[in-house]
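**Student:** The working numbering applies: residue 65 is where the sequence shown begins, and numbers increase by one. Beta carbons are placed, not taken as given, at the ideal position from N, Cα and C, and that holds for glycine.
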Amino acid sequence: MKKASGQKSNIALWLLATVVLLLVWSCYNLYQSDVQLIYLAAIMWIFTVVVLLWYGNKWIFDFLNSRISWLSHPSKRFFLQLLISCVYSLLCINGSYYLFKIQTTLTPPDLSQFVVLNVYGLLFLIPVLLVNFSVYFMQQWKKAHVQSNKLQEENLRTQLNSLRMQLDPHFLFNNLNVLSSLIEKDPRTAQHFLDKFADVYRYVLEFNKEELVPVSEELGFVDAYVYLLKKRFENQLRIEINVPAGLVDSFFIPPLSVQLLIENALKHNKLSTESPLHVEVFIEDQNWLTVRNSYAPRSGSGVKRGKMGLESIRKRYAYLSALNLKIHQDDSFFVVSLPLLEIEE
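1. If you draw a straight line from the C-alpha of GLN410 to the C-alpha of ASP287, how long is it?
2. With DSSP run on the structure shown, which of helix, strand or coil describes PHE316?
3. Would you say VAL242 and ARG302 are within 8 angstroms of each other, going by their C-beta atoms?
4. So who's on the other strand from HIS209, going by DSSP bridges?
5. Please name the residue, chosen from LEU330, ILE326, ARG362 and ALA360, that lies closest to LEU353 on a Cα-to-Cα basis.
6. Does the beta-carbon of SER97 have 16 or more other beta-carbons within 10 angstroms, so that it is buried, or is it exposed?
7. Tell me the DSSP bridge mates of TRP352?
8. Between which two residues does the beta strand (DSSP E) carrying LYS390 extend?
9. For GLU282, count neighbouring Cβ atoms within 10 angstroms of its own Cβ and tell me buried if that reaches 16, exposed if not.
10. Do the CB positions of ARG362 and ASN333 come within less than 8 angstroms of each other?
11. Measure the alpha-carbon distance for GLN300 versus LEU330 and round it to whole angstroms.
12. Among residues of its own chain, excluding the 5 on either side of ILE132, which ones have a beta-carbon nearer than 8 angstroms to its beta-carbon?
13. On the criterion of 16 or more Cβ atoms from any shown chain inside 10 Å, does MET202 qualify as buried, or is it exposed?
14. Check whether the Cβ atoms of PRO173 and TYR161 sit closer than 8 angstroms, and answer yes or no.
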């Protein structure tokens, strides 16, 4: 209904402009000299042609939009609109020129004048229409690009909401088993273990919807997380966190990033009392938080799962910053460095 109403208003404006121009021209025709009329006729004719072409081609564009989609039939739409617009425009130019010529000189234009008029008209119309099409396509492309970026951003945000705040379900069950065994053997240690276990999940709940957390908060959570891991793996795992407090007070990272890197190290490397997994967390060059683990890969599908974990961290950084993590691997170590971010006021 709105489109039909818009088309009717365009027709009304087109007719009104034509009537007004003709009335003005008739009034001047009665009171001006012949020389003045020639110049006035030229100006009024140009103005009339511009008005007719503007509203007429706009109506053609809207009409074809409701009948033939650019997306469904781009070639058909392009050539059909080009043909209709050229025919309509030439009719307007020739018809208005004929009327103004009759009114001014009382003689109709001859064939040569019509030929020149149509040749120059086409030389003017076709480039203008092509430019108009180009501008329209650029606007639609920009609109589609903005919409695509918006949808991609929303999709990424949704993915991050589901990725960033998830602990491995096995982590819950394994630690419940550890807690169960400690309750019988050492109730005091079991109570301390339960406190750390609560700290881990309290952190997850507290920062559930945050995109960035202070490094100090993340490391406090990691400390509780590491305590649970050491109780489970005992001498098979060595984790050292060497981060000076003064260097991380003003820096931020995505929540659970360090935890995910430690979890990946556990999943994809061998652990034993004879050859324990060694994990270090430290600051590098004052702008990077590095997690380095000894490299003793397990056989199987661990590599693919490890890449998925790193990819989730990479996506989070791509969403939040132009910086990205650095990854290095050799025969002895696997190293991931997370850029420390600052929040601008």
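**Tutor:** Considering the structure as presented:
1. The structure shown does not extend to residue 410, since the chain is modelled only from 65 to 409, so the question has no answer here.
2. strand
3. no
4. Partner(s): none; HIS209 has no beta bridge.
5. ILE326
6. For SER97, the predicted structure reports a pLDDT of 48, less than 50, and the residue's modelled location is therefore unreliable. The matter cannot be settled from this model.
7. GLU348 and PRO403
8. 390 to 393
9. buried
10. yes
11. 10 angstroms
12. LYS140, ARG141 and LEU144
13. exposed
14. yes
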